[in-house]
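Input: a single structure, listed below in structure tokens.
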Amino acid sequence: MSDGVRAPGTETPTGERRNSLDQSFWRGRRVFVTGHTGFKGSWLSLWLQSLGADVTGFALEPPTRPSLFDEASVADGMRSIIADIRDLQALSTSLQEARPEVVIHMAAQSVVKEGYADPIETYSVNVLGTVHLFDALRRLGRGCVVVNVTSDKCYAHRKSGPPYTESDPMGGDDPYSSSKGCSELVTTSFRQSFFPPTELDRHGVALASARAGNAIGGGDWTPDQLIPDLIRAFQGGSPCLIRSPEGIRPWQFVLEPLRGYLMLAESLHARGAEYASGWNFGPPAEDARAVAWIADRLKTAWGGDAAWAVDERAHPGEAAVLRLDASKSERLLGWRSALSLDRALDWIVEWYRGRAEGAPQRELTQMQIDRYESLLSEGRPTLEH
Numbered sequence: 432m433s434d435g436v437r438a439p440g441t442e443t444p445t446g447e448r449r450n451s452l453d454q455s456f457w458r459g460r461r462v463f464v465t466g467h468t469g470f471k472g473s474w475l476s477l478w479l480q481s482l483g484a485d486v487t488g489f490a491l492e493p494p495t496r497p498s499l500f501d502e503a504s505v506a507d508g509m510r511s512i513i514a515d516i517r518d519l520q521a522l523s524t525s526l527q528e529a530r531p532e533v534v535i536h537m538a539a540q541s542v543v544k545e546g547y548a549d550p551i552e553t554y555s556v557n558v559l560g561t562v563h564l565f566d567a568l569r570r571l572g573r574g575c576v577v578v579n580v581t582s583d584k585c586y587a588h589r590k591s592g593p594p595y596t597e598s599d600p601m602g603g604d605d606p607y608s609s610s611k612g613c614s615e616l617v618t619t620s621f622r623q624s625f626f627p628p629t630e631l632d633r634h635g636v637a638l639a640s641a642r643a644g645n646a647i648g649g650g651d652w653t654p655d656q657l658i659p660d661l662i663r664a665f666q667g668g669s670p671c672l673i674r675s676p677e678g679i680r681p682w683q684f685v686l687e688p689l690r691g692y693l694m695l696a697e698s699l700h701a702r703g704a705e706y707a708s709g710w711n712f713g714p715p716a717e718d719a720r721a722v723a724w725i726a727d728r729l730k731t732a733w734g735g736d737a738a739w740a741v742d743e744r745a746h747p748g749e750a751a752v753l754r755l756d757a758s759k760s761e762r763l764l765g766w767r768s769a770l771s772l773d774r775a776l777d778w779i780v781e782w783y784r785g786r787a788e789g790a791p792q793r794e795l796t797q798m799q800i801d802r803y804e805s806l807l808s809e810g811r812p813t814l815e816h
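If you number the sequence shown the way this note's numbering does, the last residue is 816 and the count never jumps.
Here it is, written out as structure tokens:
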């Protein structure tokens, strides 16, 4: 086997195939994506376009230069609205015009270090932005499925112990992590106050939250993030300075959590009252790796004079170990990680090398989406590392 695919999905109690999308569900489906100009949002928007969905995006201008959104011409296959998630009037008008059946909320300030630099902006976007979206949906008065994407960092931090489960308390020591815990509390509050699952027939809004690990893939240019920093250094011919080489994170290829969000949306649509809750989408234990392991593996795959070194300067604190227990998603949604971390890093090198050689980024990204879908449909039973 050469494509790093995990065991195929089992079947649901009703006999449906698991671990892949119901592509017929998305064909013509009206989907509203906040944060569509970001790294994950761009991958999701392109995937939804290829599935035939009717996609509307709502976000600020791309947060980086370069950006996958611009260079892959993501806006060409969707309605792209450039606006602030905290602008209630613009958001409400856009939702009224889009009449969404599915809402996936990813608009956020997503960098831990930036949370220290500007905590007010971080809380404003990540907490009040979520409040604005939910209240706009409340005022809209239309039934829809809503997935609020938060973070693995939303949990109250502990220095040791088992992986985090969905029932663990919310928290976060730094402003970014805390803001994501707050976003989860907002989700619970709106679900209980305005969108109770027991009254779904009345209000029609099935609201869930998704907590994923560190999504990695081609087209990420976010500053102070490991993969983009390594690629920039490798391309520039200088060692990459890494601040926490011993830190352990739940790394996963970007399409893994995105598939989880879409599978969750499908289940919310089918049986919303049962699935309106929080969900973890994390890799298996062997793919929760130290930063230094990732750097070494990527350095080897890149070749040449690629190198990294420890950044000895003082840095704001971050959680030393983050692991997610995704057994709930595996058991109830049928989702499980499909691509090994080792193979995902090869795909990332392939993507950035392709860009450097002039390959169109939309084609590069779509090629990997198509390959990923093929691997899922083939359901190969073993991994190759």
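Just so it is clear, CB atoms sit at the ideal spot from N, CA and C, and this is done for glycine as well.
- In this structure Ala567 touches Leu522 by the C-beta definition: roughly 5 Å separates them, less than 8 Å.
- With 16 or more other CB atoms across the displayed protein chains lying within 10 angstroms of its CB, Gly612 is buried.
- Just measuring C-alpha positions, the residue of Val636, Trp474, Leu729 sitting nearest Asp773 is Leu729.
- In the structure shown, the three-state DSSP call for Met601 is strand.
- Taking Phe626 as reference, the option from Glu552, Ala506, Ser708 with the minimal CA-CA separation is Ser708.
- Using a C-beta cut-off of 8 Å, the segment 512 to 521 makes contact with the segment 482 to 492, since at least three inter-stretch Cβ pairs fall below that distance.
- Restricting attention to Gly574, Pro494, Phe500, Val533, the CA atom closest to the CA of Gln540 is found in Pro494.
- Under the three-state reduction of DSSP output, Asp485 falls in the strand class.
- When Glu528, Leu807, Leu686, Leu661 are compared, the shortest CA-CA separation from Phe463 is found for Glu528.
- Annotation: the segment 645 to 719 contains the following complete segments of the beta strand (DSSP E) (minimum length 3 residues), in chain order: 645 to 647, 671 to 673, 679 to 684, 709 to 712.
- Val505 places its beta carbon less than 7 Å from that of Ser473.
- One Cα belongs to Gly602, the other to Thr653, and the distance between them is close to 24 Å.
- Within the same chain, Pro670 come within 6 Å of Ala738 by CB-CB distance, once the 5 residues on both sides are set aside.
- Where Trp766 is concerned, there is no enclosing alpha helix (DSSP H), because DSSP gives it neither an H nor an E.
- Taking the C-beta atoms as reference points, Val576 is found nearer than 7 Å to Ala637.
- According to DSSP, His536 shares a beta bridge with Thr465, Asn579.
- Going by DSSP, Ile513 is part of the beta strand (DSSP E) stretching over 510 to 513.
- Here Arg680 is buried: its Cβ has 16 or more other Cβ atoms, across all protein chains shown, within 10 Å.
- Per the C-alpha coordinates, the member of Ala757, Gly713, Val685 positioned closest to Ser476 is Val685.
- Between Ala726 and Ile673, the C-beta gap is smaller than 7 Å, which places the two residues in contact.
- Here Thr629 is exposed, its C-beta having fewer than 16 other C-beta atoms within 10 Å.
- At the C-beta level, Val722 and Gly678 come within 7 Å of one another.
- The count of Cβ pairs closer than 8 Å, one atom from the segment 776 to 788 and one from the segment 704 to 720, stays below three, leaving the stretches out of contact.
- Between Leu755 and Asp583, the gap from beta carbon to beta carbon is short of 7 Å.
- Check the Cα spacing between Leu482 and each of Ser768, Pro497, Ala503, Leu452: the tightest is with Leu452.
- Comparing alpha carbon positions, the residue from Arg793, Arg767, Ala646, Ala732 closest to Val780 is Ala732.
- By the neighbour-count criterion, in which 16 or more other beta carbons inside 10 Å mark a residue as buried, Val741 falls on the exposed side.
- By the beta-carbon neighbour count (other beta carbons within 10 angstroms, threshold 16), Ser771 is buried.
- In this structure, DSSP gives Arg530 a state outside helix and strand, which the three-state scheme calls coil.
- Minimum Cα-Cα distance from Glu809 among the listed residues Gln792, Arg589, Ala769 corresponds to Ala769.
- For Arg774, the enclosing alpha helix (DSSP H) starts and ends at 772 to 787.
- The beta carbons of Arg517 and Leu559 sit closer together than 7 Å.
- Cα atoms of Lys471 and Ser610: separation of roughly 19 Å, rounded to the nearest angstrom.
- Counting only the Cα atoms, Leu807 lies some 12 Å from Gln799.
- Take the alpha-carbon of Ser675 and the one of Gly572: they are about 47 Å apart.
- Within the same chain, Arg573, Gly574, Cys575 come within 8 Å of Gly635 by CB-CB distance, once the 5 residues on both sides are set aside.
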